[in-house]
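Protein chains: 2
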Amino acid sequence: MTQVDEAEVKPRLGRKRDHTRDPEILEVALDVLAETGYDGMTIDMVATRAKAGKATLYRRWPSKADLVLDAVACMKSKDIDLDALPDTGTLRGDLVAMVKPPSIRESERKLKVMAGIASMIARSPELAAAAQSALVEPRASVNRIFFRRAIERGEIPADADVERLCMIGPAMVAYSVLMLGKPVDREFLVSTIDKIILPAARLPTA
Amino acid sequence: MTQVDEAEVKPRLGRKRDHTRDPEILEVALDVLAETGYDGMTIDMVATRAKAGKATLYRRWPSKADLVLDAVACMKSKDIDLDALPDTGTLRGDLVAMVKPPSIRESERKLKVMAGIASMIARSPELAAAAQSALVEPRASVNRIFFRRAIERGEIPADADVERLCMIGPAMVAYSVLMLGKPVDREFLVSTIDKIILPAARLPTA
DNA sequence: CATATACGGAACTCGGCAGTTCCGGATATG
DNA sequence: CATATCCGGAACTGCCGAGTTCCGTATATG
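If you're matching them up, the sequences are chains A and B in order. Each residue of the first sequence is one higher than the one before, counting from 62 in the numbering used here. Each residue of the second sequence is one higher than the one before, counting from 62 in the numbering used here.
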């Protein structure tokens with residue numbers, strides 16, 4: 062949903078000279094994108110919902126494709142603060158600590174956006190790159206940190222295939238949501254950690 | 062869902078009345094779908110490539126959506142013959158035996174089709190159901206058989222979470238291809254089996 | 001051979017959306 | 001208050017693709 066500060070919804074007071082409203086518009090674009098997909102989304106929808114004029118959007122972005130590209134690229138790291146990662150002392154603790162409702166919701170939104178642009182990714186390297194660095198890389202980075210820590214601790218073998226292990230969580234979530242149409246819940250995520258990720262890391266399920 | 066026309070009472074003169082070219086057209090539709098996605102695909106493309114008239118397609122399917130739905134539904138089990146599954150005597154053997162170039166190619170085609178319709182799945186339960194039973198269920202069925210056999214053999218614990226285990230392979234492939242844009246090869250698949258699936262099943266890597 | 005029938009293909013309508021233009025009004029500044 | 005600036009919104013253009021119609025032709029059947 063449009064997560065805009067309710068405080069600013071009131072009649073627009075001062076007109077800003079710069080592009081202050083850009084983030085707001087991009088958020089709306091992502092919402093529409095998640096709901097209708099790229100082709101279903103129209104510039105009018107975005108403009109109307111953002112209470113902006115269509116011309117305003119075109120003053121800022123040369124085309125629909127550019128708007129979407131920008132929106133996807135700006136989705137980066139809204140949900141993850143790399144400096145405030147949990148450090149529980151165990152791999153399982155770290156992984157489970159990431160299973161929080163806000164994180165789950167943000168993940169689902171990302172997946173819906175991904176579904177909305179899926180058909181273009183194969184034909185647009187730019188969009189693919191944006192999606193890669195905004196949607197999949199941040200999550201992988203976090204996991205990489207956890208697994209490296211675990212290796213340093215001696216908790217898992219030093220020759221563990223970190224890249225492969227990093228994929229399991231996101232892959233299972235994406236598959237469940239996009240392919241099976243089944244939204245994930247805390248239980249699914251925790252048992253994925255316990256039944257698959259930790260065994261694959263050769264760690265006994267805690 | 063290619064339902065045959067009403068039984069004819071009238072004399073059959075002229076050309077064949079059966080829709081003998083349907084499968085051919087549906088195959089072309091799938092190709093175009095995989096290449097361009099649902100919205101990028103036009104009826105003209107399909108007609109031209111199938112050397113058919115656009116009118117012919119509309120004589121057979123009432124709309125583009127129906128054509129695509131039918132095409133996806135008919136994708137069922139082109140690649141897997143449930144009666145000719147390998148039975149190597151070990152779980153690893155069975156799983157690895159499925160890693161064959163034709164199977165990989167068919168998987169990638171299915172994933173491209175999936176990507177092409179991904180944005181509509183959330184809004185079309187019919188299409189979601191078709192994709193489910195034609196694209197994901199067949200593969201899961203095969204895996205289920207392998208894991209059940211392994212349990213019967215006593216190779217893996219009887220309380221193994223078969224449903225979860227079945228997902229790992231497809232999930233990793235889908236994630237790699239759709240999200241990372243990295244086509245999978247035999248090495249990736251085999252090491253996924255050895256490093257993730259078998260450990261998760263509490264089997265030592267063979 | 002005669003003919004009913006379906007087919008390929010071309011031409012057409014029609015609606016929707018990307019992108020453009022224009023204008024009245026609100027705003028900030030001096 | 002004067003004015004330069006930017007915005008929201010509405011009207012407009014042009015294109016493209018879904019769906020329709022029509023016709024010449026191929027073909028199986030009698």
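Even for Gly, the Cβ is constructed at its ideal location relative to N, Cα and C.
With a cut-off of 8 Å on the beta carbons, I'd call residue i and residue j a contact; round off their distance for me.
i	j	result
R225(A)	K256(B)	6 Å
V160(A)	L250(A)	5 Å
A179(B)	A192(A)	Not really, about 13 Å apart at Cβ, beyond 8 Å.
A183(B)	L239(B)	Not quite, the Cβ-Cβ distance comes to about 16 Å (not below 8 Å), so this is no contact.
K125(B)	I104(B)	6 Å
Using the C-alpha atoms, what's the distance from residue j back to residue i?
i	j	result
R166(B)	M233(B)	16 Å
P218(A)	A158(A)	22 Å
V203(A)	G215(A)	19 Å
A262(B)	K171(B)	27 Å
D127(B)	A116(B)	15 Å
G131(A)	L146(B)	For clarity, residue 131(A) is Asp in the given sequence; the question names Gly instead. Computed Cα separation, rounded: 47 Å.
R73(A)	V174(A)	With a pLDDT of 37 at R73(A), under the threshold of 50, the predicted position of this residue should be treated as unreliable, and no value is reported.
D194(B)	I86(B)	For the record, residue 194(B) in the displayed sequence is Ser; it is not Asp. Taking the straight line joining both Cα atoms gives about 21 Å.
S252(B)	A113(A)	52 Å
T97(A)	A211(B)	43 Å
A235(A)	A95(A)	14 Å
V65(B)	E198(B)	Any answer about V65(B) is weak, because its pLDDT of 36 lies below 50 and its placement is not dependable; what the coordinates show is given next. Taking the straight line from one Cα to the other gives about 25 Å.
E88(A)	D100(B)	24 Å
P231(B)	T81(A)	44 Å
D142(A)	S164(A)	11 Å
M102(A)	E213(B)	51 Å
T149(A)	I254(A)	15 Å
D144(A)	D155(A)	14 Å
Y119(A)	L91(A)	17 Å
D83(A)	L196(B)	40 Å
V133(B)	C227(B)	22 Å
P162(B)	W122(A)	44 Å
S237(B)	S168(B)	12 Å
R153(A)	T151(B)	31 Å
C135(A)	D220(B)	44 Å
V93(B)	M181(A)	14 Å
E248(B)	D222(B)	25 Å
I229(A)	L241(B)	13 Å
A267(A)	D246(B)	With a pLDDT of only 44 at A267(A), under the threshold of 50, the placement of this residue in the model should not be trusted; the figure read from the coordinates follows. So the alpha carbons of these two residues sit roughly 33 Å apart.
V129(B)	V129(A)	26 Å
Next on the checklist: By the 8 Å beta-carbon criterion, what residues does the segment 96–112 of chain B contribute toward chain A?
Outcome noted: T97, G98, Y99, D100 and G101
Next on the checklist: At a CB distance below 7 Å, what residues from the segment 221–238 of chain B approach chain A? Give them in sequence order.
Outcome noted: D222, R225, M228, I229, P231, A232, M233, A235 and Y236
Checklist entry - Does the segment 198–212 of chain A come close enough to the segment 197–212 of chain B that 3 or more CB-CB pairs lie under 8 Å? => result no
Checklist entry - Which residues, taken in chain order from the segment 117–147 of chain B, show a beta carbon closer than 8 Å to some beta carbon of chain A? => result none
Next on the checklist: With three or more beta-carbon pairs closer than 8 Å as the criterion, would you say the segment 180–199 of chain B touches the segment 101–108 of chain B?
Outcome noted: no
Checklist entry - Taking any Cβ of chain A, which residues in the segment 244–261 of chain B have a Cβ under 8 Å from it, in chain order? => result S252, T253, K256, I257, P260 and A261
Item to check | Residues of the segment 156–182 of chain A with Cβ closer than 9 Å to any Cβ of chain B, in chain order | outcome: K173, M175, A176, G177, I178, A179, S180, M181 and I182
Next on the checklist: Beta carbons nearer than 9 Å to chain B: which residues of the segment 192–219 of chain A have them?
Outcome noted: A192, Q193, L196 and V197
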